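All letters in the sequence shown, in the order written, are residues 2 to 539 by this note's numbering. We treat Cβ as the ideally placed atom computed from N, Cα and C, and that holds for glycine. Predicted model only: the values in this text are computed from it and were never measured.
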Amino acid sequence: MTKIPFSPGDRIFGYLRDSGHEDQELSIEQQESALRKWAAEHNLVITHIYKDEAKRGSSVIKRDELQAMMYAFRHECSERGVVVWKYNRFARSVDNAQFFRAEIRTLGYIFHSMNDKVPDGPMGRLFEAAIDFKDEQYLEDLSLDVKRGLYNLVERYKCVPGSHPRGFMREPVTIGLRRDGTPHIAHKWLPDPDFIPRVRRAFEMRARRISLGEIHKETKLYSGINSYSTFFANTIYKGTLTFGEMVFENYCEPIVTPELWDQVQIVQNHYARRKHVSTDSMDHPRRAKSRFLLSGIGRCAHCGSPLFGRSSPQKSGKTYDSYFCTRAYRKRDCTKSRIPRETVENAVVTTLTGVALKPENLLAAYEQLKSDSAKVLVEQTEKRLDLKTRLASVRKKISNLMALLEDLGRDAKAPAKRLKELEMDETDLESQIAELDAAAIEPIPEIPPDILAYIAVNFARAFASADLDTQRLLLRLVVDHVEVRREDKMLHGVIYYYYPPVPLPKVRGPAVVDDVSIFLTPSGPPLYRHILKVEFHA
């Protein structure tokens, strides 16, 4: 029997924990009863029992009672030490267990387990280490067993524990008998016919970059819009179940096509990037109001991260305005070279107004754009016609099969199976047409050469006479982004910009010159790039 390290009359703490799901003999109530009986037998005074109920032993996070007990020890309490039910009730992590026991003992207090037989002295520390290892290994083995059981449950019966996602329903499945002879019921997830149209509609709308507010207004899938981000990321809507680290292809009939699901992920990722200041979003308040002209469109040519502007006061009283790579400061894995603000901004403006938007260059670019656009429009028309033809053929086959099933009766398995396949083909073709229509480009409007020349000349005049906010607006309506890097006393870069700036009625804002509104709006990806190379003196 392990020697009791306390003397009769000593004051002690008790520490009890359970995980909320283990055997009843290890519950808080059972532990407390045994602890009080043990203390009475050894004439020990329990001044306080700290209880962490339903807390994991693998972590000390949210174990408030453990932290409260440690606080008492650290502030010179009058108790001789703490008694626990077993070592695994204290912690199941080797590092946590050894760390807290060592601190308790270093502070001059006793740590004792009621049910673990551990010898005194250095040999006891070896025993404790072995117990800690066994307890942590138990958790790892338990985790593997649970994963194995879940995998078998899904693989054999397609049953999944927990709440089903929106748009699905639970169907009970009897997977055997329990020990008492009652049926063991589990549930698999199936698409809910009442929700399928709304789920599919939500994905189709998001693929067209329609806002979550509009999607919620039409589909009402949730009570608010906060749940839609996880909704669109769930692979089960394309038929793939992702459960923890396990992935099950073809788990159920897909509600949306994999192509539509992938398209929505692109949209979601785009908006996710726009919300963070470290991305290339120009809408962030810090960039929208920045006094640096290239804020929001400047990027590091080494790593592609955004540039940020910073002013550095000097002892001489002067202030140097510069651009720096955000990644160099966030992750420390890119160059921190200073890019002089005035030099790079002047180079960008001069190149844009003096080269890219010269009337002759603008006219040549416009003609090339019209030619490229015409080819894309022909391809779009041909593809849409092909999809429509295939859709009409599928619908005709469905109609013929429906008539055949009416004659043969619904028991005809082969025609019924073929009908289901055709209906899936019909849905797929409808989705492809919807995707094509959503991505369709508009024909380039006809712009006379003299209007193009007027836009080019007056854009430069408007930019030169505008205030900083208007300059930033004009620049961002033309330039997609600027990549810059510094090599010694040289700046190298590329301006990626749109052209021609087309006079269209719907834009974010006009720039007025000579009582004529010049509307500039980019369309699609950047159409041109120009090499930027300038020498400066630091």
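May I ask you to list the residues that DSSP assigns as paired with alanine 187? If you number the sequence shown from 1, residue 187 lands on position 186. Val174.
Quick one: what does DSSP say tyrosine 16 is sitting in, helix, strand or coil? Here residue 16 refers to the residue found at position 15 when the sequence shown is read from its first residue. The three-state reading of DSSP puts tyrosine 16 in strand, counting E and B together.
Between the region 184 to 197 and the region 253 to 269, do at least 3 Cβ pairs fall closer than 8 Å? As far as the Cβ criterion goes, the region 184 to 197 touches the region 253 to 269, which means the pair count is three or higher.
Determine contact between the region 375 to 385 and the region 465 to 474, defined as no fewer than three beta-carbon pairs at a distance below 8 Å. Segments in contact, no.
In the structure shown, what three-state DSSP assignment does histidine 43 receive? In the sequence shown, counting from the first residue as 1, residue 43 sits at position 42. Histidine 43 falls in the coil class under three-state DSSP.
Bridge partner(s) assigned by DSSP for cysteine 304: Against the sequence shown, residue 304 aligns to sequence position 303. For cysteine 304, DSSP records no beta bridge to any residue.
Does valine 458 come out as helix, strand or coil in the three-state DSSP assignment? The residue labelled residue 458 in the question sits at position 457 within the sequence shown. Secondary structure at valine 458: helix, using DSSP grouped into helix, strand and coil.
With distance defined between alpha-carbon atoms, name the residue in Ala348, Met170, Tyr16, Ser28 nearest to glutamine 68. Within the sequence shown, numbered from 1, the residue matching residue 68 stands at position 67. The residue with the shortest Cα to Cα distance from glutamine 68 is Tyr16.
Between phenylalanine 196 and glycine 168, is the Cβ-Cβ spacing less than 7 Å? Position 195 of the sequence shown, counted from the first residue, corresponds to residue 196. Position 167 of the sequence shown, counted from the first residue, corresponds to residue 168. With contacts defined by Cβ atoms closer than 7 Å, phenylalanine 196 and glycine 168 form a contacting pair.
Report buried or exposed for glutamine 315, applying the criterion of at least 16 other Cβ atoms within 10 angstroms of its Cβ. For the purposes of this step, residue 315 is identified with residue 314 of the sequence shown, where counting begins at 1. Classification for glutamine 315: exposed.
Unbroken beta strand (DSSP E) run spanning leucine 492, endpoints: Translated into positions along the sequence shown, residue 492 becomes position 491. Here the beta strand (DSSP E) through leucine 492 covers 491 to 498.
Taking a contact to mean a Cβ-Cβ separation below 7 Å, would you say leucine 430 touches leucine 392 in this structure? Within the sequence shown, residue 430 is the residue found at index 429, counting from 1. Within the sequence shown, residue 392 is the residue found at index 391, counting from 1. Note that the C-beta distance between leucine 430 and leucine 392 is below 7 Å.
What distance in whole Å lies between the Cβ atoms of glutamate 219 and glutamate 436, which are believed to be in contact at a cut-off of 8 Å? Locating residue 436 in the sequence shown gives position 435, counting from the first residue. Locating residue 219 in the sequence shown gives position 218, counting from the first residue. Not confirmed; about 18 Å, so no contact.
Find out if the Cβ-Cβ distance for the pair lysine 577, isoleucine 445 is shorter than 7 Å. What the structure shows of the chain is the stretch from 2 to 539, and residue 577 is not part of that stretch, so it cannot be assessed.
Among Leu453, Thr243, Trp262, Pro6, which residue has its Cα nearest to the Cα of proline 166? If you number the sequence shown from 1, residue 166 lands on position 165. If we check each option's Cα against that of proline 166, Thr243 comes out closest.
Whole-angstrom C-beta distance between leucine 363 and leucine 453, which should lie under 8 Å: Within the sequence shown, residue 453 is the residue found at index 452, counting from 1. Within the sequence shown, residue 363 is the residue found at index 362, counting from 1. Taking C-beta atoms under 8 Å as the contact rule, leucine 453 and leucine 363 qualify, at a distance of about 5 Å.
Aspartate 322 - containing alpha helix (DSSP H), residue span: In the sequence shown, counting from the first residue as 1, residue 322 sits at position 321. Under the DSSP assignment, aspartate 322 falls outside any alpha helix (DSSP H), being part of the beta strand (DSSP E) whose first and last residues are 320 to 326.
Following the continuous beta strand (DSSP E) through threonine 243, name the residue where it begins and the one where it ends. Residue numbering aside, residue 243 sits at position 242 when the sequence shown is read from its first letter. Looking at the DSSP string, the run of the beta strand (DSSP E) that includes threonine 243 is 242 to 244.
Counting Cβ pairs closer than 8 Å, one from the region 150 to 157 and one from the region 208 to 217, do we hit at least three? Counting Cβ pairs under 8 Å, fewer than three are found: no touch.
Quick one: grab the DSSP three-state call for lysine 87. If you number the sequence shown from 1, residue 87 lands on position 86. In the structure shown, the three-state DSSP call for lysine 87 is coil.
Measure from the alpha carbon of alanine 328 to the alpha carbon of each residue in Leu308, Arg419, Ile340, Ser317, then state which is nearest. As a working mapping, residue 328 is identified with position 327 in the sequence shown. Reading the sequence as shown, one finds arginine at residue 328 and not alanine. When C-alpha distances from arginine 328 are compared across Leu308, Arg419, Ile340, Ser317, the shortest belongs to Leu308.
Could you check the C-alpha separation between arginine 419 and threonine 382 for me, to the nearest Å? Along the sequence shown, one-based indexing puts residue 419 at 418. Along the sequence shown, one-based indexing puts residue 382 at 381. Each residue's CA atom was taken as its position, placing arginine 419 and threonine 382 some 30 Å apart.
In whole angstroms, what is the alpha-carbon distance linking arginine 311 and isoleucine 298? For the purposes of this step, residue 311 is taken as residue 310 along the sequence shown, with counting starting at 1. For the purposes of this step, residue 298 is taken as residue 297 along the sequence shown, with counting starting at 1. Their Cα atoms are separated by approximately 15 Å.
Going straight from the alpha carbon of tyrosine 324 to that of tyrosine 497, what length do you get? Sequence index remark: in the sequence shown, residue 324 carries index 323 (1-based). Sequence index remark: in the sequence shown, residue 497 carries index 496 (1-based). Spanning the two alpha carbons is a distance of roughly 18 Å.
Threonine 344 to alanine 366 span [Cα, whole Å]: Locating residue 344 in the sequence shown gives position 343, counting from the first residue. Locating residue 366 in the sequence shown gives position 365, counting from the first residue. Approximately 28 Å between the Cα atoms of the pair.
CA nearest to the CA of leucine 353, picked from Lys414, Phe232, Asp373, Leu476: In the sequence shown, counting from the first residue as 1, residue 353 sits at position 352. Among Lys414, Phe232, Asp373, Leu476, the Cα nearest to that of leucine 353 belongs to Leu476.
In three-state DSSP terms, what is tyrosine 238? Here the question's residue 238 lines up with position 237 in the sequence shown. Three-state result, tyrosine 238: helix.
Out of Ser338, Ile456, Leu386, point me to the one whose CA is closest to glutamine 433's CA. Here residue 433 is taken as the residue at index 432 of the sequence shown, counted from 1. Relative to glutamine 433, the option among Ser338, Ile456, Leu386 whose CA is nearest is Leu386.
Could you check how far apart the C-beta atoms of isoleucine 111 and proline 6 are, in whole angstroms? I think they sit under 8 Å. As a first step, residue 111 must be located in the sequence shown, where it is residue number 110. As a first step, residue 6 must be located in the sequence shown, where it is residue number 5. 5 Å between Cβ atoms; contact.
Span of the beta strand (DSSP E) holding leucine 54? In the sequence shown, the residue the question calls residue 54 occupies position 53. Rather than leucine, the amino acid found at residue 54 in this sequence is glutamate. According to the DSSP assignment, glutamate 54 belongs to no beta strand (DSSP E), since it is labelled neither H nor E.
Cysteine 326 beta carbon less than 7 Å from that of serine 313: To locate residue 313, count along the sequence shown from 1; it is residue 312. To locate residue 326, count along the sequence shown from 1; it is residue 325. Taking 7 Å as the cut-off, the beta carbon of serine 313 is found no closer than this to the beta carbon of cysteine 326.
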